[in-house]
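S.K.: If you count by the UniProt record's numbering, then the sequence shown holds residues 1 to 481, one letter each, in order.
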Amino acid sequence: MSRPIREDRRAFLRRVQAVIAGGAAYALMPQLELVGRAFAAEPLPGNDYKALVCIFLFGGSDSFNMLIPHDSAEHATYLTSRGGVFEATSNPFGLGYARDTLVQVADTNGKTWGLNPLCAAMKPLFDAGELSFLANVGSLTVPLTKEDVTKRLKTLPPYLYSHNDQQKQWMRGHTNRAGVTGWGGLLGDRAEASNLGLQSLPPSISIAGSNLFQFGRTTLPFAMGSGGATTVNRFRNNGSATDRVRYESLRAIIESQHNPILQDQYAVIGESAINLNDTLRVTLDPANGGDIATVFPTGSGVASQLRMVARMIKAARTSAINHRRQIYFVSLGGFDTHQNQMAANGHGRLLQQLAEGLAAFRTALSEINALNDTVTFTMSDFARTLNSNGNGTDHGWGGVQLVMGGSSTNGGALRGKQVWGSYPILELDGAQAVGRGRMVPTMSVSQMGSTLAQWFGLPAGEVGTIFPGIENFDPKIGFLG
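1) Going by beta-carbon coordinates alone, are Val400 and Ser194 separated by less than 8 Å?
2) Within this structure, are the beta carbons of Pro475 and Gly138 separated by less than 8 Å?
3) For the stretch 130 to 201, list the alpha helix (DSSP H) runs that are entirely contained and at least 4 residues long, ordered along the chain.
4) State the beta-bridge partners of Cys119 as determined by DSSP.
5) Spatial neighbours of Glu147 within its chain, please: CB distance less than 6 Å, with the 5 preceding and 5 following residues excluded, ordered by chain position.
6) Do Leu354 and Leu332 come within 8 Å of each other at the CB atom, strictly closer than that value?
7) Exposed or buried, which one is Asp48 when buried takes at least 16 other CB atoms within 10 Å?
8) Starting from the C-beta of Asp381, find all residues in its chain whose C-beta is less than 6 Å away, skip the five residues before and the five after it, and write them out in chain order.
9) What three-state label does DSSP hand Leu284 in the structure shown?
10) By a C-beta neighbour count over all protein chains shown, 10 Å radius and 16 as the cutoff for buried, is Asp285 buried or exposed?
11) In this structure, does DSSP put Ser407 in helix, strand or coil?
12) Check each candidate in Leu212, Leu480, Arg438 and name the one with the smallest Cα separation from Trp420.
13) Rounding to the nearest angstrom, what Cα-Cα distance links Val35 and Asn340 in this structure?
14) Can you have a look at Ala98 and say buried or exposed, based on whether 16 or more other CB atoms are within 10 angstroms of its CB?
15) For Gly346, decide whether its Cβ has a neighbour in chain D, counting only Cβ atoms nearer than 8 Å.
16) Would you decide whether Ala223 is buried or exposed? Buried here means 16 or more other CB atoms lie within 10 Å of its CB.
17) My output table needs one value for Lys50: the three-state DSSP class, helix, strand or coil.
18) For Thr393, is the classification buried or exposed, using 16 other Cβ atoms within 10 angstroms of its Cβ as the cut-off for buried?
19) Per DSSP, what kind of secondary structure is Val232 in: helix, strand or coil?
20) Nearest-angstrom Cα distance between Ile470 and Ser444?
21) What is the DSSP secondary structure of Leu458, counted as helix, strand or coil?
22) What's the C-alpha gap between Arg72 and Leu134?
23) Assuming Tyr78 is part of the alpha helix (DSSP H), what are its boundary residues?
24) Which two residues bound the contiguous beta strand (DSSP E) that contains Ser422?
25) Does the stretch 320 to 328 come close enough to the stretch 194 to 207 that 3 or more CB-CB pairs lie under 8 Å?
26) Could you give the first and the last residue of the continuous alpha helix (DSSP H) run that contains Leu354?
27) CA-CA distance, Asp107 and Phe215?
28) In the structure shown, what three-state DSSP assignment does Gly114 receive?
29) Straight-line CA distance for Gly173 to Pro45?
30) From the DSSP output, in three-state form, read off Ala223 for me.
31) Secondary structure at Gly94, three-state DSSP: helix, strand or coil?
32) Could you give the DSSP three-state label for Met66: helix, strand or coil?
33) What did DSSP end up calling Ala106 once you bin it into helix, strand or coil?
34) To the nearest angstrom, how far is the alpha carbon of Tyr159 from that of Arg177?
35) Can you tell me whether Thr374 is helix, strand or coil according to DSSP?
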C-alpha cells in the first residue's frame with residue numbers, strides 16, 4: 001500500500017515543480033512537509049522571542065588573520081609563521097599584518113588583541129560587550145592533543161581538510177558520517193511546536209538557499225532571497241505575463257479533484273503556500289511598516305541577507321506571524337584562498353564585508369528592539385595553514401569563530417568582550433600545531449552548538465539528542481548566560 005502513496009506524492013511534486021521555476025520550488029517544499037508535523041516534537045520552554053542567526057563562511061576562513069595576537073612577543077611569533085614569498089616591497093610580511101596596522105582591542109581581562117585592519121567595524125561591538133570570539137574551534141569526536149593526532153592514538157574526525165565533509169560536520173554538529181539532519185533543523189523541529197502563530201511558516205528560514213544545517217526530521221527551511229520570499233516574486237497574479245501563467249497553473253493543480261487522501265492533503269498545503277506568501281508580501285511591505293530604517297552597506301551580499309533577516313525578525317513579532325523561536329541562515333563565500341589571499345579583493349575584503357554587515361545588523365536589531373533576543377554566530381569549513389603556499393593558504397583545522405548579541409551587562413545573554421577557549425600559540429610546530437601550522441581544535445563544534453542551543457531553550461538534559469558524542473566534552477561554554 002505504501003508504494004502507490006509514494007508514487008502519488010512524486011507525481012504531485014513533479015506537477016508542482018513543473019509550474020514553479022528554480023528556487024521557488026524549494027521555497028514551497030516546507031509546505032509539503034506539513035503532513036509530517038502531526039509528529040512534531042515537544043515545544044521548547046519559554047514564552048519569549050529568541051532568534052539564532054548563522055553566518056556560514058564558505059571555503060574555510062583564515063580566521064587567525066581575523067583575531068591576531070597583539071602582545072609584541074606573540075605577534076612576532078605570528079609574523080614568523082605567516083611569512084611567505086610574496087612581493088617583498090608591497091607585502092613584506094607575507095600572510096601577516098604588521099602590528100601597527102592592527103585595530104587594537106582589550107578584553108575584560110585586560111589582554112590586548114589585534115583585529116584585522118579591515119575589521120574596524122567590529123571594534124565598537126567588542127568594546128560594548130556585544131561581540132566575543134571563540135578560539136580554536138573545529139570538528140572533534142573526542143578531545144585530542146597533538147600527540148593523539150600525530151601518533152593516531154585516538155579517533156580523528158573523518159575526512160579532515162575536505163570542504164564538503166567538514167561543512168557537513170559543522171552543520172550536523174557531530175562527526176558521524178551519516179545523517180541528513182542539521183543541528184539547526186533539529187532545533188527547528190522543537191521550535192515549530194513553540195510557534196503558535198502562522199503555522200505555515202517554518203521556524204527555519206534561509207536567505208542563502210538550501211543547506212543541511214536547517215534540515216530537521218519534521219521541518220525544512222523556508223527559502224527567501226534578500227528581496228523577500230522567492231514564491232512571492234514568482235507567483236504574483238498581478239505580475240508579469242509569465243507570473244500570471246505560473247499563478248493560474250498552480251491554482252489549477254491545487255483546485256483539481258484528487259481522489260487519494262494524500263493528494264487532497266497536498267492540495268490543502270499548496271493553498272497554504274500561496275496564502276503564506278501573500279501574508280509575507282503584505283507583512284514585509286514598507287507601506288505596512290515592513291521595512292527598517294537602518295542603512296546597510298551596498299554591494300555586499302551578506303549585508304543584504306542580514307537586512308532581510310532583520311526585517312523578518314521584526315515581522316515575526318507582529319500579530320500576522322507571532323513566532324517565538326526562529327533560526328536563520330545566511331552565507332558569505334570566497335574563503336578558499338589558495339591564491340591571491342592578500343590581494344586588494346582577497347581575504348581582508350571578505351572580512352570587511354562581514355564586519356560591516358554585522359555592525360549594520362546590530363544597529364537594525366537595536367532599532368527593532370531585538371538585540372537582546374538575537375544571537376548571531378559564524379561557522380566555517382575550517383581555518384587555514386599558518387604558512388604560505390606561495391600566494392595563499394591551504395586547508396587547516398581549528399580556527400576562530402565569533403558570536404554577537406546583546407551584552408549581559410545590558411540585559412542580553414552574551415558575555416562579550418572576551419576570547420573564549422584556548423587561543424593557540426601560532427607556531428608552525430607549536431603545542432597544538434600539526435602540518436604547516438594546522439591547529440588541533442581545543443573546542444568542538446558540538447560544544448559551540450550545544451551552548452547556542454541551550455540559550456535557545458533546549459533543556460540541558462536533551463543536548464545529546466541533537467549533538468551525539470557531546471558527553472565527551474563540556475556541553476556548555478560560558479559565552480552565553
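Beta carbons: idealized from backbone N, C-alpha and C, even for Gly.
M.R.: According to the structure data:
1) Here residue 400 refers to the residue found at position 400 of the sequence shown. Here residue 194 refers to the residue found at position 194 of the sequence shown. Not in contact: Val400 and Ser194 (Cβ atoms no closer than 8 Å).
2) Residue 475 sits at position 475 when you count from the first residue of the sequence shown. Residue 138 sits at position 138 when you count from the first residue of the sequence shown. Not in contact: Pro475 and Gly138 (Cβ atoms no closer than 8 Å).
3) 146 to 150, 163 to 172, 183 to 194
4) Position 119 of the sequence shown, counted from the start, is the residue given in the question as residue 119. Note: Cys119 sits in no beta bridge, so no partner.
5) As a first step, residue 147 must be located in the sequence shown, where it is residue number 147. Nothing listed; no residue qualifies.
6) On the sequence shown, residue 332 is found 332 positions in, with the first residue counted as 1. On the sequence shown, residue 354 is found 354 positions in, with the first residue counted as 1. Going by C-beta atoms, Leu332 is nearer than 8 Å to Leu354.
7) By 1-based counting over the sequence shown, the position of residue 48 is 48. That one is exposed.
8) To locate residue 381, count along the sequence shown from 1; it is residue 381. These residues qualify, in order along the chain: Gly60, His163, Gln166, Gln167.
9) Along the sequence shown, one-based indexing puts residue 284 at 284. DSSP places Leu284 in helix when its eight states are reduced to three.
10) Here residue 285 is taken as the residue at index 285 of the sequence shown, counted from 1. Exposed.
11) Start at 1 with the first residue of the sequence shown, and residue 407 comes out as number 407. If DSSP states are grouped into helix, strand and coil, Ser407 belongs with the strands.
12) Translated into positions along the sequence shown, residue 420 becomes position 420. Closest option to Trp420, Cα to Cα, is Leu480.
13) Against the sequence shown, residue 35 aligns to sequence position 35. Against the sequence shown, residue 340 aligns to sequence position 340. With a pLDDT of only 44 at Val35, under the threshold of 50, the placement of this residue in the model should not be trusted, and no figure is reported.
14) On the sequence shown, position 98 is the one that residue 98 refers to. Exposed, by the Cβ-count rule.
15) Although the question refers to chain D, the structure presented lacks it and comprises just one protein chain.
16) The residue labelled residue 223 in the question sits at position 223 within the sequence shown. Answer is buried; the Cβ neighbour count reaches 16.
17) Here the question's residue 50 lines up with position 50 in the sequence shown. Three-state DSSP puts Lys50 in a strand.
18) For the purposes of this step, residue 393 is identified with residue 393 of the sequence shown, where counting begins at 1. When all chains shown are included, Thr393 counts as buried.
19) Taking the sequence shown and counting its residues from 1, one reaches residue 232 at position 232. Model confidence at Val232 stands at a pLDDT of 42, short of 50, so the residue's coordinates are unreliable; what they give is reported in the following sentence. DSSP places Val232 in helix when its eight states are reduced to three.
20) Position 470 of the sequence shown, counting from 1, holds the residue named residue 470. Position 444 of the sequence shown, counting from 1, holds the residue named residue 444. Those two C-alpha atoms are separated by around 9 Å.
21) On the sequence shown, position 458 is the one that residue 458 refers to. Correct three-state label for Leu458: coil.
22) Here residue 72 refers to the residue found at position 72 when the sequence shown is read from its first residue. Here residue 134 refers to the residue found at position 134 when the sequence shown is read from its first residue. The sequence given here places Ser at residue 72; Arg does not occur at that position. Whole-angstrom Cα-Cα distance: 22 Å.
23) Here residue 78 is taken as the residue at index 78 of the sequence shown, counted from 1. Counting along the chain, the alpha helix (DSSP H) containing Tyr78 begins and ends at 72 to 82.
24) Here residue 422 is taken as the residue at index 422 of the sequence shown, counted from 1. Looking at the DSSP string, Ser422 is not in any beta strand (DSSP E), and its letter there is neither H nor E.
25) yes
26) Start at 1 with the first residue of the sequence shown, and residue 354 comes out as number 354. Note, Leu354: alpha helix (DSSP H), 347 to 367.
27) Here the question's residue 107 lines up with position 107 in the sequence shown. Here the question's residue 215 lines up with position 215 in the sequence shown. Rounded to whole angstroms, Asp107 to Phe215 spans 36 Å at the Cα level.
28) Here residue 114 is taken as the residue at index 114 of the sequence shown, counted from 1. The answer is strand: DSSP assigns Gly114 an E or B state.
29) One-based indexing of the sequence shown puts residue 173 at position 173. One-based indexing of the sequence shown puts residue 45 at position 45. Approximately 22 Å between the Cα atoms of the pair.
30) As a working note, residue 223 is residue 223 in the sequence shown. Three-state DSSP puts Ala223 in a strand.
31) In the sequence shown, counting from the first residue as 1, residue 94 sits at position 94. If DSSP states are grouped into helix, strand and coil, Gly94 belongs with coil.
32) Translated into positions along the sequence shown, residue 66 becomes position 66. Coil, per DSSP.
33) What you label residue 106 is simply residue 106 of the sequence shown in a count that begins at 1. Residue state, collapsed to three classes: strand.
34) Here the question's residue 159 lines up with position 159 in the sequence shown. Here the question's residue 177 lines up with position 177 in the sequence shown. Spanning the two alpha carbons is a distance of roughly 9 Å.
35) The residue given as residue 374 occupies position 374 in the sequence shown. Correct three-state label for Thr374: strand.
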